[in-house]
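For reference, the structure is listed below as structure tokens.
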Amino acid sequence: PSKRPRVPPPPPELVPEEQQEQVVVREAAEEEAAAHVAHRKLLIASGSVASSVLRGLVDGPAAKKEQQKTKMTCRHPVVVGREEQRARAGERRQVGRPDGLPRPITDDNGEDSGSAHVFARSGDNWSHQAKLLAPDGAIEDTFGSSVAIYEDIIVVGAKWDDDIGEKSGSAHVFARSGEDWTHQAKLLSPEGAAEDELGESVAIFEDTIVLGAQYDQENGANSGSAHVFVRSGEIWTHQAKLLAPDGVSGDLFGDSVAIYEDTVVLGAYLDDDKGDDSGSAYVFHRSGETWTYQAKLLAQDGSELDSFGCSVAIYGDSIVVGAIGDDHNDNGNASGSAYVFRAQG
Numbered sequence: 005p006s007k008r009p010r011v012p013p014p015p016p017e018l019v020p021e022e023q024q025e026q027v028v029v030r031e032a033a034e035e036e037a038a039a040h041v042a043h044r045k046l047l048i049a050s051g052s053v054a055s056s057v058l059r060g061l062v063d064g065p066a067a068k069k070e071q072q073k074t075k076m077t078c079r080h081p082v083v084v085g086r087e088e089q090r091a092r093a094g095e096r097r098q099v100g101r102p103d104g105l106p107r108p109i110t111d112d113n114g115e116d117s118g119s120a121h122v123f124a125r126s127g128d129n130w131s132h133q134a135k136l137l138a139p140d141g142a143i144e145d146t147f148g149s150s151v152a153i154y155e156d157i158i159v160v161g162a163k164w165d166d167d168i169g170e171k172s173g174s175a176h177v178f179a180r181s182g183e184d185w186t187h188q189a190k191l192l193s194p195e196g197a198a199e200d201e202l203g204e205s206v207a208i209f210e211d212t213i214v215l216g217a218q219y220d221q222e223n224g225a226n227s228g229s230a231h232v233f234v235r236s237g238e239i240w241t242h243q244a245k246l247l248a249p250d251g252v253s254g255d256l257f258g259d260s261v262a263i264y265e266d267t268v269v270l271g272a273y274l275d276d277d278k279g280d281d282s283g284s285a286y287v288f289h290r291s292g293e294t295w296t297y298q299a300k301l302l303a304q305d306g307s308e309l310d311s312f313g314c315s316v317a318i319y320g321d322s323i324v325v326g327a328i329g330d331d332h333n334d335n336g337n338a339s340g341s342a343y344v345f346r347a348q349g
């Protein structure tokens, strides 16, 4: 349904005296609601939302006194309005729209089907180059829930795609020639199942794409997995399925992913090694066509609810892991931190 425009109230001098108090109350309520929305957007921009914080914003100062540390949502908080995820490489920027939006998500292929937009730079100016849609997009696919780009290749996650079952997930690959982007492939797990949400996270380096499926059940309910795809010419094929060697139910392994050359990092932000939902990250290395587990990364001072592994990045021999729920030093409850690891030898 289309949005109805907000009609401003009439000025007080045109309102009967007995109704003026109602107008003032309504305007005050609207201003308060707008302030709450602004506060939520600021929290979202920081990458996380604690339910206790949102309650404090809505219920006022008295409720804030009752706040306690609660589990952080790692990637997909409840959002008011429209937010964007961005992935940038070279001189192109691709923008997608994450899940969790009450309204609106792009509806070109049906309600909440999703889209992605490419922007190109000329000098200091950015201009819109293309809008990307899944060629088989359908209602609630949430195409654009994750994005990644490398040179002239873009990968877009559609984690609620239903090809192998409800919310089994997929990802779409687009290639650019000149200024034209064309659909090159759709990536599916060869053993996918309903609720896997393949495409929750995506990463690409050269001819290799990695897709996270945080709700895969192989190591237990919601233990998670990741899938590696490689390209030969214009053909993408499945190369490997990655699992945490000690994965258990609820770890959400694959919620975040990064790749550089032959090394992949995968976050499992609800792993419990350092306490409930303290989190971890796993490193895998490829030799030839074989992927092997190399290391498990933990925060040395990790503790419960840190959500270490909520975000990961890798470049060269350095890995960075985010922990949005960390209470480090005097920065406050769930102020967050990041840890840097460097390969030895």
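In terms of the working numbering, the sequence shown is residues 5 to 349.
Glycine is no exception: its CB is placed at the ideal position from the N, C-alpha and C atoms.
Inter-residue distance for E195 and E265 is about 26 Å (C-alpha atoms, whole angstroms).
Distances from the CA of F288 to each of G279, L301, S205 were compared; the closest alpha carbon is that of L301. Considering only G161, Y343, T267, the residue with the shortest C-alpha distance to R290 is T267. Using a Cβ distance threshold of 8 Å, S117 and F147 count as a contacting pair. Restricting attention to G320, D281, D165, the CA atom closest to the CA of D145 is found in D165.
In the three-state reduction of the DSSP assignment, H121 falls in the strand class. Y273 is positioned such that its CB atom lies no closer than 8 Å to that of D250. Here G173 is buried. Its C-beta has 16 or more other C-beta atoms within 10 Å. Cβ neighbours of D275 within its own chain (closer than 6 Å, five residues either side excluded): D255, G283, S284. Along the length of the segment 286-315, whole beta strand (DSSP E) runs at least 3 residues long occupy 294-301, reported in chain order. G161 carries a strand assignment under DSSP once its states are collapsed to helix, strand and coil. Out of A207, L136, A262, D331, the CA that lies nearest to the CA of D321 is found in A262. According to the DSSP assignment, Y343 belongs to the beta strand (DSSP E) that extends over 341-346. Around the C-beta of D200, 16 or more other C-beta atoms lie within 10 Å, and the residue is accordingly described as buried. Its chain contains V232, F233, V234, E293 as the residues whose beta carbon lies nearer than 7 Å to that of Q243, once the 5 sequence neighbours on both sides are disregarded; these appear in chain order. Exclusion of the five residues before and after Q298 leaves V287, F288, H289 as the residues of its chain whose Cβ lies within less than 7 Å of its Cβ. For G203, DSSP assigns no beta-bridge partner whatsoever.
Annotation: the continuous beta strand (DSSP E) that includes D184 extends over 184-191. Residues V269, F345 of the same chain have their beta carbon placed closer than 6 Å to that of I323, with the five preceding and five following residues left out of the count. Between V122 and A138, the C-beta gap is not smaller than 8 Å, which leaves the two residues out of contact. DSSP lists I208, F233 as the bridge partner or partners of I213. Around the beta-carbon of I158, 16 or more other beta-carbon atoms lie within 10 Å, marking it buried.
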